[in-house]
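To keep things clear, I will list the structure first and then write my remarks on it.
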Amino acid sequence: MSTSEQKTITVIGSGLIGRSWAMVFASGGYRVKIYDNQAGQAARAVMEIRKQLEELEEAHMLRGDLTSTQQLALLSSYEDLAQALEGAFFVQECVFEQLEVKQSVFQEIECFVGKEVILSSSTSCLVPSSVFAKVQERSRCLVSHPVNPPYYVKLVELVPHPETVTAVMEATHYLMTKVQTTD
Ligand SMILES: NC(=O)c1ccc[n+]([C@@H]2O[C@H](COP(=O)([O-])OP(=O)(O)OC[C@H]3O[C@@H](n4cnc5c(N)ncnc54)[C@H](O)[C@@H]3O)[C@@H](O)[C@H]2O)c1
1 MSTSEQKTIT
11 VIGSGLIGRS
21 WAMVFASGGY
31 RVKIYDNQAG
41 QAARAVMEIR
51 KQLEELEEAH
61 MLRGDLTSTQ
71 QLALLSSYED
81 LAQALEGAFF
91 VQECVFEQLE
101 VKQSVFQEIE
111 CFVGKEVILS
121 SSTSCLVPSS
131 VFAKVQERSR
141 CLVSHPVNPP
151 YYVKLVELVP
161 HPETVTAVME
171 ATHYLMTKVQ
181 TTD
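Going by UniProt numbering, the first residue of the sequence shown is number 1, and it counts up by one from there.
The following block contains the structure:
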């Protein structure tokens, strides 16, 4: 099975959007580690995704070159944030749309990842300068806002923080183009 350069993405929060991102990234061959702070929620998310992938495959609507079984094998669930972040090059945050929650989530994430790891938020309405206000290394931060429903609408808005460097925008654009051009 060919995976995308064996790259790993961590999805934080496994509600509607977290599950959708996990499916989109797996369709592009990325390994996806799913974390949620509610006990059992990330594991339930993987079970829900399994059901959706099987239904999509049966309806010939599955995205990407991999089978539903292969895509499912790329997913794993975590209740420990440090373990969930281990090995990730990209983090997609999908927690509640509450500024304080997102700020503290990013502050916590930063304790467990290297400076080169890209931190991306799914926020719909919050501005990047607020969301990332408590992050030390803000040059690697941006908003990647998916249009709902993300599995079917292949459109993501990329919004930089004032300090975001071009390389981070380009790397995220590359990733999003790769996963959005899967069938
Ligand atoms: N729903 C949409 O149409 C839509 C579209 C685009 C973007 N968004 C954005 O995506 C984000 C998520 O939205 P959603 O609809 O999936 O929400 P949701 O309520 O369905 O899911 C949020 C998940 O985050 C988890 N969570 C909360 N606090 C956490 C924490 N501290 N650490 C880890 N997990 C935590 C919750 O347990 C829950 O599973 C929001 O910022 C929202 O604005 C939503």
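All residues carry an ideal CB built from backbone N, CA and C; glycine is no exception.
What you are looking at is a predicted structure, and each value in this text was computed from that prediction instead of being measured.
Under the rule that 16 or more other beta-carbon atoms within 10 Å means buried, what is residue i, buried or exposed?
| i | result |
| --- | --- |
| residue 36 | buried |
| residue 179 | buried |
| residue 174 | exposed |
| residue 152 | exposed |
| residue 93 | buried |
Of the choices the options, whose alpha-carbon is the least far from that of residue i?
| i | options | result |
| --- | --- | --- |
| residue 44 | 14, 133 and 27 | 14 |
| residue 76 | 102, 19 and 113 | 19 |
| residue 163 | 176, 182, 139 and 97 | 139 |
| residue 116 | 102, 136, 122 and 101 | 136 |
| residue 22 | 59, 80, 122 and 171 | 122 |
| residue 78 | 176, 33 and 50 | 33 |
| residue 113 | 46, 12 and 85 | 85 |
Quick check: what's the CA-CA separation for residue i versus residue j?
| i | j | result |
| --- | --- | --- |
| residue 30 | residue 10 | 10 Å |
| residue 70 | residue 24 | 14 Å |
| residue 54 | residue 124 | 29 Å |
| residue 99 | residue 83 | 25 Å |
| residue 133 | residue 160 | 13 Å |
| residue 72 | residue 58 | 15 Å |
| residue 126 | residue 102 | 10 Å |
| residue 118 | residue 106 | 11 Å |
May I ask whether a heavy atom of ligand 3 can be found less than 7 Å away from the beta carbon of residue i?
| i | result |
| --- | --- |
| residue 94 | You won't find ligand 3 in this model; what it holds is ligand 1. |
What three-state label does DSSP hand residue i in the structure shown?
| i | result |
| --- | --- |
| residue 117 | coil |
| residue 92 | strand |
| residue 128 | helix |
| residue 174 | helix |
| residue 85 | helix |
| residue 79 | coil |
| residue 33 | strand |
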